Amino acid sequence: MTTPEPTARAWHVPGEDLARYAARTLAAPASWSVEAHLNACAGCRTRLTALAGPALVEEGWARVDAELDAPVPGPFERLLLGARVPDHTARLLAATPALRLSWLGAVALTLAMTAVTANLAGPLVFLAVAPLLPLAGVAASFGPGIDPTHEITVVAPFHAFRLLMLRCVVVLSANTVLCAGASLALPDVGARAAGWFLPSLVLTVVALLLSPRLGSVAAVSAVGAGWAALFAGAAGALFTAGGQAALAGAVVLSAAVLARRTSAFDITRPLSGTITIRRFR
Amino acid sequence: MTVDAVTPDTGVAVRATGLTLRYGRTTALDGVSLTFGTGVTGLLGPNGAGKTTLLRILATALSPDAGQLTVFGHDLRTGPGRLAVRRRLGYLPQDPGFHSGFTVFEFVDYVAILKELDRRRERHTEVRRVVAAVGLDGQRHTRIRALSGGMRQRVALAAALVGDPALLILDEPTVGLDPEQRMRFRELFAELGDGRTVLLSTHQTEDVMSLCREVVVVDHGAVRFTGSPADLTALADGRVWTSARREPAALASWRTGTGLYRHVGDPPPGAELLAPTIEDGYLTLVDLAGGHDARPQGGDR
């Protein structure tokens with residue numbers, strides 16, 4: 150078979166460049182130009198094959214084989230990859246129970262029912278319930294007895310607190326979108342319709358603060374009970390400008406304390422009488 | 002082959018001194034001190050002896066109430082020390098959990114990410130290597146929820162092997178495996194122990210005999226024995242005999258397939274003595290240490 154050589158009429162990749170390309174020593178942008186030409190020129194591809202050693206071909210096949218063998222990501226992972234989330238982060242998030250469709254569906258259903266009730270009984274019902282949903286989601290995202298791989302996670306070099314934060318941010322974001330959507334169905338109460346947002350942040354951060362000492366479920370239960378008591382005693386004040394400012398201050402304060410206590414998530418301490426729930430297997 | 006699996010100046014990979022941990026009023030570990038280096042070390046002990054607690058502390062999952070622990074020269078009481086050890090650690094917990102919606106490949110890939118293997122191509126190559134090492138090549142894309150208990154155990158072991166760790170802590174790795182799989186795992190552990198430090202908790206005394214350079218027996222939260230499997234076996238020298246009847250005075254007495262009884266304890270005069278096994282040595286030791294009906298069994302705290 151005849152192989153083309155560069156001529157004045159039809160340009161082909163010079164032999165020297167092709168050899169360097171085969172040896173992977175041809176720098177950009179010349180390598181880009183060669184690559185573009187190879188896509189369109191069978192003759193140069195044939196010349197390249199002759200130049201490439203069997204090891205390079207083997208390596209190429211191994212790469213193709215590995216790509217074909219790699220698992221196809223599930224729908225949630227694909228969504229994250231589509232949003233340009235790195236593949237390793239997408240896989241870590243895919244293991245979060247509170248990001249499964251079944252969980253998010255349950256949250257959406259709860260919010261829909263709460264919004265309907267709020268239309269009948271007043272917006273306070275919605276403002277009481279909505280902050281608890283992200284709290285529950287965060288509780289279901291991390292901790293012994295909840296995350297089936299918790300022990301492996303704790304002893305891995307990937308910092309447990311980093312993983313927790315990663316999951317919390319995404320869980321909070323997903324829940325915030327759902328709550329925001331549901332709040333549009335509330336009776337016309339103006340800015341008060343967004344009054345659930347700051348409480349949801351405070352409750353979540355305080356629960357995170359307590360979880361190394363109490364365990365996730367006990368911490369969330371305690372915080373939920375505290376929210377119920379606070380709501381029963383001061384529901385009116387919570388959703389005023391002053392109340393919201395106080396909640397914003399509480400968010401900042403609790404987040405600052407949490408930032409100083411990241412090492413508490415680095416190791417598991419024996420928790421006598423810890424309340425756990427069935428593992429998500 | 003992993004190198005630098007021990008502290009270069011001492012040859013000791015793990016040094017624990019006075020480890021103590023309490024769960025409420027229960028003392029799980031009471032001043033445990035031990036050292037070990039490369040090779041496979043077996044950890045034996047009755048239920049509730051504190052084996053799993055000890056392994057969890059060594060694996061940096063738990064912090065002791067008191068005592069000192071260094072691994073490869075790093076102090077596990079410090080964050081940087083724990084991180085340095087975690088980068089060289091493979092850990093198989095007693096009750097490994099899974100994200101069961103993942104396939105085998107996806108789950109091991111997940112653990113590889115937790116072990117800081119961020120680059121996709123290298124990570125996937127490593128995942129394929131460890132999955133093949135535990136004999137699950139054909140199940141790479143099977144969902145974990147569809148696997149048997151033994152296969153899940155192999156998935157957990159594959160996850161522990163990711164990154165070719167210098168220290169492997171395996172809590173009852175052969176539970177749920179059939180005899181053929183156990184044999185394969187013995188070969189694998191023996192291979193892993195060549196140049197690495199492997200600590201293996203098991204109730205299979207024959208695994209200890211065939212694999213371990215050293216054996217540690219823990220009971221009531223304290224180390225009762227450290228030595229070679231042959232040393233442990235030798236504790237029962239002259240204390241194992243056979244007869245046609247049960248011997249109530251024996252420490253342990255059971256009817257064998259031949260119809261004769263095998264006894265461990267203080268033999269009567271003129272008894273027909275038998276060569277002891279490592280299990281006989283273990284039973285003798287645990288009886289000397291405090292008196293149990295102490296055949297090794299599953300489940301520890």
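Note that the protein sequences, when read in sequence, are chains A and B. Last residue of the first sequence: 430 in this note's numbering, with the numbers rising by one and none dropped. Last residue of the second sequence: 302 in this note's numbering, with the numbers rising by one and none dropped. Beta carbons: idealized from backbone N, C-alpha and C, even for Gly. Since this is a predicted model, take the numbers as computed values, not measurements.
Chain-order list of residues whose beta-carbon lies under 7 Å from that of residue i (same chain, five-residue window excluded)
{"i": "Ala29/B", "result": "Leu22, Arg23, Gly51, Thr54, Gly222 and Arg302"}
{"i": "Arg83/B", "result": "Thr61 and Leu77"}
{"i": "Thr143/B", "result": "Thr104 and Val105"}
Opening and closing residue of the beta strand (DSSP E) in which residue i lies
{"i": "Ala67/B", "result": "Ala67 to Val72"}
{"i": "Gly194/B", "result": "Gly194/B -> no beta strand (DSSP E), and no H or E assigned at all."}
{"i": "Thr278/B", "result": "No beta strand (DSSP E) contains Thr278/B, which DSSP labels as neither H nor E."}
{"i": "Ile145/B", "result": "Neither: Ile145/B is in no beta strand (DSSP E) and is coded neither H nor E."}
{"i": "Ile295/A", "result": "From DSSP, Ile295/A is part of no beta strand (DSSP E); its letter is neither H nor E."}
{"i": "Val162/A", "result": "Where Val162/A is concerned, there is no enclosing beta strand (DSSP E), given that its DSSP letter is neither H nor E."}
{"i": "Leu44/B", "result": "Gly40 to Leu45"}
{"i": "Trp181/A", "result": "Where Trp181/A is concerned, there is no enclosing beta strand (DSSP E), although the alpha helix (DSSP H) it sits in stretches over Ala179 to Ala189."}
{"i": "Ile170/B", "result": "Leu168 to Asp172"}
{"i": "Phe37/B", "result": "Thr27 to Phe37"}
{"i": "Ala17/B", "result": "Val15 to Tyr24"}
Residue i versus the options, residue with shortest Cα-Cα distance
{"i": "Gly192/A", "options": "Ala219/A, Arg212/A and Gly164/A", "result": "Gly164/A"}
{"i": "Pro283/A", "options": "Val206/A, Ala329/A, Ala267/A and Val401/A", "result": "Ala329/A"}
{"i": "Pro246/A", "options": "Leu258/A, Val221/A, Thr298/A and Ala264/A", "result": "Thr298/A"}
{"i": "Pro361/A", "options": "Thr263/A, Ala309/A, Leu276/A and Tyr170/A", "result": "Ala309/A"}
{"i": "Cys213/B", "options": "Arg141/B, Thr259/B and Leu233/B", "result": "Leu233/B"}
{"i": "Thr175/B", "options": "Leu93/B, Arg247/B, Ala237/B and Gly98/B", "result": "Leu93/B"}
{"i": "Ala285/A", "options": "Ala386/A, Ala356/A and Val206/A", "result": "Ala356/A"}
{"i": "Ala244/A", "options": "Gly375/A, Leu363/A and Cys317/A", "result": "Cys317/A"}
{"i": "Arg155/B", "options": "Arg185/B, Gly196/B and Thr126/B", "result": "Arg185/B"}
{"i": "Arg249/A", "options": "Arg173/A, Leu167/A, Val320/A and Asp214/A", "result": "Val320/A"}
{"i": "Arg16/B", "options": "Val224/B, Leu70/B and Leu274/B", "result": "Leu70/B"}
{"i": "Gly228/B", "options": "Thr278/B, Thr42/B, Asp208/B and Leu20/B", "result": "Thr42/B"}
{"i": "Leu227/A", "options": "Asp218/A, Arg240/A and Ala215/A", "result": "Note on residue identity: the sequence assigns Arg, not Leu, to residue 227/A. Closest option to Arg227/A, Cα to Cα, is Arg240/A."}
CB contact check: residue i to chain A, cutoff 8 Å
{"i": "Gly98/B", "result": "yes"}
{"i": "Asp110/B", "result": "yes"}
{"i": "Asp31/B", "result": "no"}
{"i": "Pro297/B", "result": "Its pLDDT being 40, under 50, Pro297/B is placed unreliably in this model, and the value from its coordinates should be taken loosely. No, its Cβ sits nowhere closer than 8 Å to a Cβ of chain A."}
{"i": "Pro94/B", "result": "yes"}
{"i": "Leu115/B", "result": "yes"}
{"i": "Arg263/B", "result": "no"}
{"i": "Asp5/B", "result": "Residue placement at Asp5/B is poorly supported in this model, since its pLDDT is 44, which falls under 50; the coordinates still yield a value, given next. No - not a single Cβ of chain A is within 8 Å of the one on Asp5/B."}
Chain B within 8 Å of residue i, Cβ atoms only
{"i": "Phe225/A", "result": "no"}
{"i": "Leu241/A", "result": "yes"}
{"i": "Thr361/A", "result": "According to the sequence provided, residue 361/A is Pro. The question's Thr does not apply to it. For Pro361/A, the answer is no, since every Cβ of chain B falls outside 8 Å of its Cβ."}
{"i": "Ala367/A", "result": "no"}
{"i": "Ala204/A", "result": "no"}
{"i": "Ser251/A", "result": "no"}
{"i": "Ser290/A", "result": "no"}
{"i": "Asp415/A", "result": "yes"}
{"i": "Ala232/A", "result": "no"}
{"i": "His237/A", "result": "yes"}
{"i": "Ala390/A", "result": "no"}
{"i": "Ser412/A", "result": "yes"}
Run of the alpha helix (DSSP H) containing residue i, from where it starts to where it stops
{"i": "Trp210/A", "result": "Pro203 to Asp218"}
{"i": "Gly392/A", "result": "Ala390 to Arg409"}
{"i": "Asp220/B", "result": "Taken as a continuous stretch (DSSP letters only), Asp220/B belongs to no alpha helix (DSSP H), being part of the beta strand (DSSP E) at Glu215 to Asp220."}
{"i": "Trp252/A", "result": "Leu250 to Ala270"}
{"i": "Phe380/A", "result": "Ser365 to Leu387"}
{"i": "Ala243/A", "result": "Asp236 to Ala243"}
{"i": "Asp232/B", "result": "Pro230 to Ala235"}
{"i": "Ile58/B", "result": "Lys52 to Leu59"}
{"i": "Leu282/A", "result": "Leu281 to Ala288"}
{"i": "Ser322/A", "result": "Ala309 to Ser332"}
Spatial neighbours of residue i in its chain, beta-carbon cut-off 6 Å, leaving aside the 5 residues before and after
{"i": "Pro280/A", "result": "Trp345, Pro348, Ser349 and Leu352"}
{"i": "Arg428/A", "result": "The pLDDT assigned to Arg428/A is 36, lower than 50, so where the model puts this residue is not dependable; a value taken from the coordinates is nonetheless given after this. Correct list, in chain order: Pro297."}
{"i": "Ala157/B", "result": "Leu93 and Pro97"}
{"i": "Val278/A", "result": "Thr263"}
{"i": "Pro268/B", "result": "Trp242"}
{"i": "Glu248/B", "result": "Ser254 and His264"}
Other residues of its chain near residue i: CB distance less than 8 Å, five sequence neighbours each side excluded
{"i": "Asp415/A", "result": "Val303, His308, Ala309 and Phe310"}
Can you give me, in chain order, the residues of the segment 125-159 of chain B that have a beta carbon less than 8 Å from any beta carbon in chain A?
-> Answer set for the segment 125-159 of chain B: His125, Thr126, Arg129, Arg141, His142 and Arg146.
With 7 Å as the limit, tell me which residues of the segment 36-66 of chain B have their beta carbon closer than that to any beta carbon of chain A; keep them in chain order.
-> Residues of the segment 36-66 of chain B with a C-beta less than 7 Å from any C-beta of chain A: Ala60, Thr61, Ala62, Leu63 and Ser64, listed in chain order.
Mind checking the segment 67-92 of chain B against chain A and listing, in chain order, the residues whose C-beta falls within less than 8 Å of any C-beta there?
-> From the segment 67-92 of chain B, only Gly80, Arg83, Leu84, Arg87, Arg88, Leu90 and Tyr92 have a Cβ closer than 8 Å to chain A.
Can you list, in chain order, the residues of the segment 295-328 of chain A whose Cβ is nearer than 9 Å to any Cβ on chain B?
-> The segment 295-328 of chain A vs chain B, Cβ under 9 Å: Asp296, Pro297, Thr298, His299, Glu300, Ile301, Thr302, Val303, Val304, Ala305, Pro306, Phe307, His308 and Leu312.
Taking Cβ-Cβ distances below 7 Å as the criterion, which residues of the segment 161-178 of chain A are in contact with chain B?
-> Against chain B - using a Cβ distance shorter than 7 Å - the segment 161-178 of chain A contributes no residues.
Listed from N- to C-terminal order along the chain, which residues in the segment 204-220 of chain B have their beta-carbon within a distance smaller than 8 Å of any beta-carbon of chain A?
-> Under the 8 Å Cβ criterion, the segment 204-220 of chain B contributes no residue.
Listed in chain order, which residues of the segment 190-219 of chain A have Cβ atoms closer than 8 Å to some Cβ of chain B?
-> Per Cβ criterion, the list reads Arg212, Ala215, Asp218 and Ala219.
In the segment 373-407 of chain A, which residues sit with their C-beta less than 8 Å from some C-beta in chain B, listed in chain order?
-> Taking a C-beta cut-off of 8 Å against chain B, none of the residues of the segment 373-407 of chain A qualify.
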